[in-house]
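Here numbering that gives the first Met the number 0 is used: the first residue of the sequence shown is 0, the next is one more, and so on.
Even glycine gets a Cβ: it sits at the ideal position worked out from N, Cα and C.
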Amino acid sequence: MNVLKKTDPVDAFQVERLTVDYDADSGGPLQDFSLNLRQGEITCLLGPSGCGKTTLLKTLGGFVVGRDTGGVLFEGRYLNGPTPDIVMIFQENNLFPWLTVRGNVEFGLKFKRGVGTQKREKVDDMLRIVGLAEAADRYPHQLSGGMRQRTAIARALVSDPHVLLLDEPFSALDISLRRRMHTLMHDLWEKTGMTMVMVTHNIEEALQVGHRVIVLGDRPAKVLIDADTSADAMKDRYSPESLALQQRIESVIY
Ligand SMILES: Nc1ncnc2c1ncn2[C@@H]1O[C@H](COP(=O)(O)OP(=O)(O)OP(=O)(O)O)[C@@H](O)[C@H]1O
Ligand SMILES: [Mg+2]
């Protein structure tokens, strides 16, 4: 019998005593690191350069596997490699330059079984959602940075993954495009209720997008701040609550 009430948050990831040392001599970025991430939440990760944010994200994607004294549980099972249920978007260079926008998005369905005749429809839907229907036949070099990242998001989401991991996805965009991307992420989240984890260096972005903001300190990485940012007051960047958290974060990072 399922004893969980429907409204209870469930963990998507349980990171348990994770140790990643790329180089045995210097001590890795993650040592005995533990953290739980709830299903259906957007978590933003902040922290100084080199503290291990990308490393943590890669372990959540199954791209990096830690020492076997600990590990990552995804939906209750140990993750020992990449799975189509978890997709990752990087800062840039997410697209194949020789494929059009449509071709890139279609590629997201390559490993998805049972799509068949719905393929075209699914891709068209996704292109509409990210506002790229008109640009479907263009190649990546004919797109702006924002359009490229929207294509990457469309490709990631077309296969209905459970989790979207984003590593500084909007850092190359100007402020107004960046804000449009935040709205898009929020709309996508409302449609899918997907678990998302986003690394960013931008405090304002973290508070805008995240339901939860985690600030990591280095080395080895540890959680310095773990804040619930889901309240409306946190979405107004000039509210006293938001300003207080922004200051607290700045004081531990810089
Ligand atoms: N493949 C690798 N091989 C060896 N060392 C690595 C590798 N990837 C990362 N590191 C080291 O691990 C540490 C953490 O790197 P990571 O990329 O996770 O940091 P980060 O928090 O994402 O930094 P940034 O904010 O600059 O992106 C750094 O000292 C880095 O040099
Ligand atoms: Mg990084």
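- Assigned with DSSP and collapsed to three states, M195 falls in strand.
- Taking every residue with its beta carbon within less than 6 Å of a heavy atom belonging to ligand 1 gives, in chain order, Y21, D22, P28, G46, S48, G49, C50, G51, K52, T53 and T54.
- Counting along the chain, T18 sits inside no alpha helix (DSSP H); it lies in the beta strand (DSSP E) bounded by residues D10 to V19.
- Distance from the Cα of F12 is smallest, within the candidate group A230, V196, V222 and D225, for V196.
- For Q117 and L242, the gap between their C-alpha atoms comes out near 47 Å.
- Around the beta carbon of P28, 16 or more other beta carbons lie within 10 angstroms, which makes this residue buried.
- Between the alpha carbons of R236 and F62 lies a distance of about 35 Å.
- Counting the other Cβ atoms within 10 Å of the Cβ of F95 gives fewer than 16, which makes it exposed.
- Straight-line spacing of the CA atoms in G80 and Q245 works out to 36 Å.
- In chain order, N35, L36, R37 and Q38 place their CB closer than 7 Å to the CB of D10, counting only its own chain and leaving out the 5 sequence neighbours on each side.
- Where V214 is concerned, the enclosing beta strand (DSSP E) starts and stops at R211 to G216.
- Boundaries of the alpha helix (DSSP H) harbouring S250: P239 to I252, taken from the DSSP string.
- Separation of the CB atoms of K121 and V114 is rounded to 7 Å, and the pair is thereby assigned contact status at 8 Å.
- Under the three-state reduction of DSSP output, V71 falls in the strand class.
- Looking at L55, D124 and D31, the one whose alpha-carbon comes closest to that of E105 is D124.
- With respect to the 9 Å criterion, T199 and S158 are not classified as neighbours on the basis of their beta carbons.
- Sequence-distant partners of E167 (beyond 5 residues in either direction) whose C-beta falls short of 7 Å from its own C-beta, in its chain, are Q90, V198, T199 and H200.
- About 3 Å separates the CB atoms of L215 and G46; that is less than 8 Å, so the two are in contact.
- If you look at V162, you'll find it in the beta strand (DSSP E) that goes V162 to D166.
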